[in-house]
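Here's the structure we're looking at; comments come further down.
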Amino acid sequence: MTDADISRALVGIADELAARYAGGDAPLLVGVHTRGVDVAKRLKALLHERGCEVGFGTLDISLYRDDLDNLGTMPSLKGSDLPQHVEGLDVVLVDDVLFTGRTVKAAIDGITDFGRPRRIELAVLVDRGNRELPIQADYVGESFATQREDYVAVHLEESDGEEGVFLLKRS
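Structure (structure tokens):
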């Protein structure tokens with residue numbers, strides 16, 4: 000995906016979110032560190048342009064991962080920045096790539112430590128398939144058919160100094 004493709008995908012997600020929440024309670028967008036935060040910030044700005052003011056937060060899922068024992072080292076913590084509670088709110092988790100579903104499960108576990116949201120939805124820039132858990136995105140920028148061993152690299156200006164989504168084939 001080029002920078003134009005990324006922009007187009009995010010506009011599509013923002014349009015869907017704006018339509019979904021028109022005239023109702025605005026959701027809390029929660030970006031999953033690191034690139035999910037960048038995507039969420041862009042969506043927040045696009046929603047603002049559409050007259051839809053949303054809450055914003057960030058979530059560090061490092062300690063909620065189910066593979067901590069396999070990492071060998073403790074993960075680097077980035078911290079979460081959420082309202083004191085999310086009780087009764089509509090929460091839209093935002094991430095760059097949806098793959099196995101394990102990151103989303105960890106994010107849901109993290110969110111529910113802050114309360115019981117009314118609803119949790121998921122917005123992703125890229126859905127690459129190959130789930131290990133029964134999780135699906137509500138808002139998808141682009142879907143790619145990939146093999147399990149492939150790697151999808153999302154580069155965003157804020158974190159990487161360049162824009163693009165790249166499919167790296169591993170043999």
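Going by numbering that gives the first Met the number 0, the first residue of the sequence shown is number 0, and it counts up by one from there. Where a beta carbon is used, it is the ideal one built from N, C-alpha and C, also for glycine.
Please confirm whether residue i and residue j have their CB atoms less than 8 Å apart.
| i | j | result |
| --- | --- | --- |
| G54 | A25 | yes |
| T33 | K77 | yes |
| G140 | A8 | yes |
| D37 | L155 | yes |
| V31 | A106 | yes |
| G35 | D94 | yes |
Pop quiz: residue i and residue j are said to be a contact at Cβ under 8 Å. What is the actual Cβ separation, rounded to whole angstroms?
| i | j | result |
| --- | --- | --- |
| I110 | L58 | 7 Å |
| T99 | E131 | 4 Å |
| E162 | I12 | Incorrect: roughly 16 Å between the Cβ atoms, too far for contact. |
Ordered along the chain, which non-local residues of its own chain (more than five positions away) have a Cβ less than 8 Å from that of residue i?
| i | result |
| --- | --- |
| R115 | V85, E86, G87 |
| I134 | L97, G100, V103, K104, L121 |
| K40 | G30, F55, E157 |
Could you work out which residue in the options is closest to residue i when comparing CA atoms only?
| i | options | result |
| --- | --- | --- |
| D108 | R147, D149, L62 | L62 |
| F143 | Y150, R127, A136, V151 | R127 |
| V164 | V123, D137, I134 | V123 |
| R118 | L92, N129, D4, R101 | L92 |
| A44 | A152, Q146, V10, F113 | V10 |
| R19 | V90, R41, D159 | V90 |
| G22 | E52, A152, T145, E157 | E52 |
| F113 | I60, G160, Y138, Q146 | I60 |
| T145 | G56, K40, N129 | N129 |
| L42 | Q83, G160, Y138 | Y138 |
Mapping DSSP to helix, strand and coil, what is residue i?
| i | result |
| --- | --- |
| I12 | helix |
| V103 | helix |
| D137 | coil |
| T57 | strand |
| D112 | coil |
| H120 | The sequence given here places Glu at residue 120; His does not occur at that position. Note: E120 maps to strand in three-state DSSP. |
| Y150 | strand |
| D94 | strand |
| G35 | helix |
| D24 | coil |
| L132 | coil |
Quick one: what's got a C-beta closer than 7 Å to residue i's C-beta in the same chain, skipping five residues either side?
| i | result |
| --- | --- |
| Y150 | L167, R169 |
| E157 | D37 |
| V153 | R34, D95, V96, L124, V125, V164 |
Sorted by chain position, which residues of the same chain lie with C-beta nearer than 6 Å to residue i's C-beta, five sequence neighbours on each side aside?
| i | result |
| --- | --- |
| D2 | E162 |
| R64 | A105 |
| H47 | none |
| S159 | According to the sequence provided, residue 159 is Asp. The question's Ser does not apply to it. Taken in chain order, the list of residues that qualify is empty. |
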